[in-house]
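Numbering (this note's numbering), first residue to last: 36 to 220. By construction, the Cβ of each residue, glycine as well, lies at the ideal position given by its N, Cα and C atoms. Working notes, beginning with the structure itself.
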C-alpha cells in the first residue's frame, strides 16, 4: 500500500543532491522505438538506463536554471522523499506551434505505475496553458514502456522537430502534446 503522494513546486534552494537520495532512476530497457526509412518500428536494444554522479550534477544545474528563469519544476513526494518530478522550460518556440519544452519527467523505479507520472504530466499541461503555449514538446525516451506512457497521455509525433533535441539525443522520439484537451484528473 502506497502512502499519500504530495505534489508541489520545487524551489531552487532545495534542488540539491540530497533531494535525490531516495530517488531510483534505474530503468531496464529491452525494446525501443526507432524510425527507420520513415517508419516507426520496435527494435531490440537492451540496456540499463541510470544516472551517474555527473548526470545528477547536470540535472541539478538544469533544474535550478529552469526555476531561476521562470520555468516549472514540480515534484511528487511520498513520506517526504522525492519520487517523481517534471520540468517545463519557460520559453515559447516553434512559431505557430507555440511549444513549451517539457525538459524532464522521471518517476523513481520503486513508484512507477501508481499514477504519479500522469499527475505530474497533467500539472505541466495546466501550467503550460497558463503561459500561452498550445503544445508541450517532448524529446522522449524511446523505450517501449516510456512511449506507451506518452501515447496514453495523448502525445503524438511532433509536427516540427527541435533540431537541438534531435542532435543531443538522436534515439529519442520527438513528441508533442496538445494542451486543449485531456486536463481532467
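| query | Just how far apart, CA to CA, sit residue 176 and residue 208? | reply | In the chain shown, the residue the question calls residue 176 occupies position 141. In the chain shown, the residue the question calls residue 208 occupies position 173. C-alpha separation (whole angstroms): 6 Å.
| task | Could you check the C-alpha separation between residue 79 and residue 69 for me, to the nearest Å? | result | Reading the chain shown from its first residue, position 44 is the one you call residue 79. Reading the chain shown from its first residue, position 34 is the one you call residue 69. Near 10 Å, if we compare the C-alpha coordinates of residue 69 and residue 79.
| message | Between which residues of its own chain and residue 162 is the CB-CB distance below 7 Å, once the five residues before and five after are set aside? | response | Mapped onto the chain shown, residue 162 falls at position 127. Excluding residues within five positions, the ones whose Cβ falls inside 7 Å are 107, 123.
| query | For residue 42, which residues of its own chain have a beta-carbon under 8 Å away from its beta-carbon, when the five flanking residues on both sides are left out? | reply | What you label residue 42 is simply residue 7 of the chain shown in a count that begins at 1. Within the same chain, residue 42 has close Cβ partners 109, 110, 111, 112, 154, 155, 158.
| Nonlocal neighbours in the same chain, by C-beta distance under 6 Å from residue 121, ignoring five residues either side | Position 86 of the chain shown holds residue 121. 109, 140, 155, 159.
| task | Output the boundary residues of the beta strand (DSSP E) element that contains residue 40. | result | Taking the first residue of the chain shown as 1, we reach residue 40 at position 5. First-last of the beta strand (DSSP E) with residue 40: 40-44.
| said: Judging by CA-CA distance, which residue of 150, 135, 55, 184 is the nearest neighbour of residue 101? | reply: Counting from 1 along the chain shown, the entry for residue 101 is found at position 66. Selected option, being the one with the closest Cα: 135.
| query | Measuring CA to CA, which of 55, 138, 115 is closest to residue 199? | reply | Looking up residue 199 in the chain shown gives position 164. Among 55, 138, 115, the Cα nearest to that of residue 199 is on 138.
| query | Which value, in whole angstroms, describes the spacing of the CA atoms of residue 62 and residue 48? | reply | To locate residue 62, count along the chain shown from 1; it is residue 27. To locate residue 48, count along the chain shown from 1; it is residue 13. Their Cα atoms are separated by approximately 28 Å.
| request: Tell me whether residue 209 sits in a helix, a strand or coil according to DSSP, three-state version. | output: As a first step, residue 209 must be located in the chain shown, where it is residue number 174. Residue 209: strand per DSSP, three-state reduction.
| message | Between which two residues does the beta strand (DSSP E) holding residue 116 run? | response | Stepping through the chain shown from its first residue, residue 116 is reached at position 81. DSSP places residue 116 inside the beta strand (DSSP E), whose first and last residues are 116-123.
| message | For residue 152, report the span of its alpha helix (DSSP H) as first-last. | response | Walking along the chain shown from the start, residue 152 turns up at place 117. Under the DSSP assignment, residue 152 falls in the alpha helix (DSSP H) whose first and last residues are 151-165.
| request: Using the Cα positions of residue 146 and residue 126, report the straight-line distance between them to the nearest angstrom. | output: Numbered from 1 along the chain shown, position 111 holds the residue referred to as residue 146. Numbered from 1 along the chain shown, position 91 holds the residue referred to as residue 126. Using only the alpha carbons, I get a separation of about 31 Å.
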